[in-house]
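Trainee: Sharing a structure below in structure tokens format, with a few things to ask.
What follows is the structure, given as structure tokens:
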């Protein structure tokens, strides 16, 4: 997949991993569109980036997605790279009383999984028009090995992993659309501070992994420690689980 002269949509692009991906791709000669729910934060992010347009949009709301796709078809008909990065996570113990896990899981599944299916289905007709196009779904190390304080978040990423594999296989059969999955370990963002994000890798490192993977058509991108944990998971799922959850 080429990494220059693309028109790139990044959901959740105002902070963290999404912002660093936007920064790197904009610097690399791409036209970038970032979306997010908070207009003020989104505009602030866009003001720090070159070649970037900000569009307020909540991927969890079908009406927002419809408006976004209509705008993209009208103003960005050359769109050929979509990075599904927007995410939602709650950190809690399943043994706590009154945590309303069903509500938390519902939000996580909607944002991290169902909204990606919804946007993908609506954006595919535009991507199919391009000579070269790709989708990138940002999942996580916990798609392989769940965290005990992120049980429902982990489940949403596992669902996304399964969907991404099926989507990749299906689109490869009759389209030119490539499907990538970006799988970071713990990353130092505002999003992850509740589970020790200060000890995680820089989101800029995650962005650089993605750029390299696109260049080399590496479809499942095991960033940093994800590669080691995945190898351990293949040999011993129990040891991998204990390794991820030790000390948390």
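Residue numbers (our numbering): -4 to 243. Where is the CB? At the ideal position from N, CA and C, for every residue including glycine.
From residue 147 to residue 96, what does the alpha carbon distance come to, in whole angstroms?
Mentor: Position 152 of the chain shown, counted from the start, is the residue given in the question as residue 147. Position 101 of the chain shown, counted from the start, is the residue given in the question as residue 96. Taking the straight line joining both Cα atoms gives about 8 Å.
Trainee: Give me the Cα-Cα distance between residue 240 and residue 143, rounded to the nearest whole angstrom.
Mentor: For this step, residue 240 is matched to residue 245 along the chain shown. For this step, residue 143 is matched to residue 148 along the chain shown. Using only the alpha carbons, I get a separation of about 7 Å.
Trainee: Pair every Cβ in the segment 13 to 25 with every Cβ in the segment 201 to 211, then say whether three or more of these pairs are closer than 8 Å.
Mentor: yes
Trainee: I need the boundaries of the alpha helix (DSSP H) containing residue 63, first residue and last residue.
Mentor: Along the chain shown, one-based indexing puts residue 63 at 68. Residue range 57 to 70 is occupied by the alpha helix (DSSP H) that includes residue 63.
Trainee: Identify the continuous alpha helix (DSSP H) that holds residue 104 and give its terminal residues.
Mentor: Looking up residue 104 in the chain shown gives position 109. Taken as a continuous stretch (DSSP letters only), the alpha helix (DSSP H) holding residue 104 covers 96 to 104.
Trainee: Checking the sheet assignment: what are the DSSP bridge partners for residue 130?
Mentor: Within the chain shown, numbered from 1, the residue matching residue 130 stands at position 135. DSSP lists 77, 174 as partners of residue 130.
Trainee: Can you name the start and end residues of the beta strand (DSSP E) that residue 31 belongs to?
Mentor: Translated into positions along the chain shown, residue 31 becomes position 36. Counting along the chain, the beta strand (DSSP E) containing residue 31 begins and ends at 26 to 31.
Trainee: Could you name the residues of the same chain whose beta carbon sits closer than 6 Å to that of residue 221, not counting the 5 residues immediately before and after it, in chain order?
Mentor: Within the chain shown, residue 221 is the residue found at index 226, counting from 1. For residue 221, where only same-chain residues beyond five positions count, the Cβ hits under 6 Å are 136, 178, 180.
Trainee: Closer than 6 Å by C-beta to residue 225: which residues in its own chain qualify, once you throw out the five before and the five after it? Chain order, please.
Mentor: Walking along the chain shown from the start, residue 225 turns up at place 230. Counting only Cβ-Cβ distances below 6 Å, and skipping sequence neighbours, we find 139, 217.
Trainee: Assign residue 42 to buried or exposed, taking buried as 16 or more other Cβ atoms, counted over all protein chains shown, within 10 Å of its Cβ.
Mentor: Taking the first residue of the chain shown as 1, we reach residue 42 at position 47. That one is exposed.
Trainee: By DSSP, does residue 3 sit in helix, in strand, or in coil?
Mentor: As a position in the chain shown, residue 3 is number 8, starting the count at 1. Residue 3 falls in the strand class under three-state DSSP.
Trainee: By Cβ distance below 7 Å, which residues in the same chain neighbour residue 53 in space, the five residues on each side in sequence not counted?
Mentor: Translated into the one-based positions of the chain shown, residue 53 becomes position 58. Only 32, 59 meet the Cβ criterion.
Trainee: In its own chain, which residues sit with a C-beta less than 6 Å from the C-beta of residue 122, not counting the 5 before and 5 after it?
Mentor: Counting from one through the chain shown, the residue named residue 122 turns up at place 127. Result list for residue 122: 128, 172, in chain order.
Trainee: Compute the beta-carbon to beta-carbon distance between residue 141 and residue 149, rounded to the nearest angstrom, for a pair I have assumed lies under 8 Å.
Mentor: Residue mapping note: residue 141 aligns to position 146 of the chain shown, counting from 1. Residue mapping note: residue 149 aligns to position 154 of the chain shown, counting from 1. That belief holds up - the Cβ atoms of residue 141 and residue 149 are roughly 3 Å apart, short of 8 Å.
Trainee: Looking at the unbroken beta strand (DSSP E) that takes in residue 217, where does it start and where does it end?
Mentor: For the purposes of this step, residue 217 is taken as the residue at position 222 of the chain shown. Note, residue 217: beta strand (DSSP E), 215 to 217.
Trainee: Alpha carbons only, please: which of 109, 156, 182 is nearest the one belonging to residue 214?
Mentor: Residue numbering aside, residue 214 sits at position 219 when the chain shown is read from its first letter. Of 109, 156, 182, the residue nearest in Cα terms is 156.
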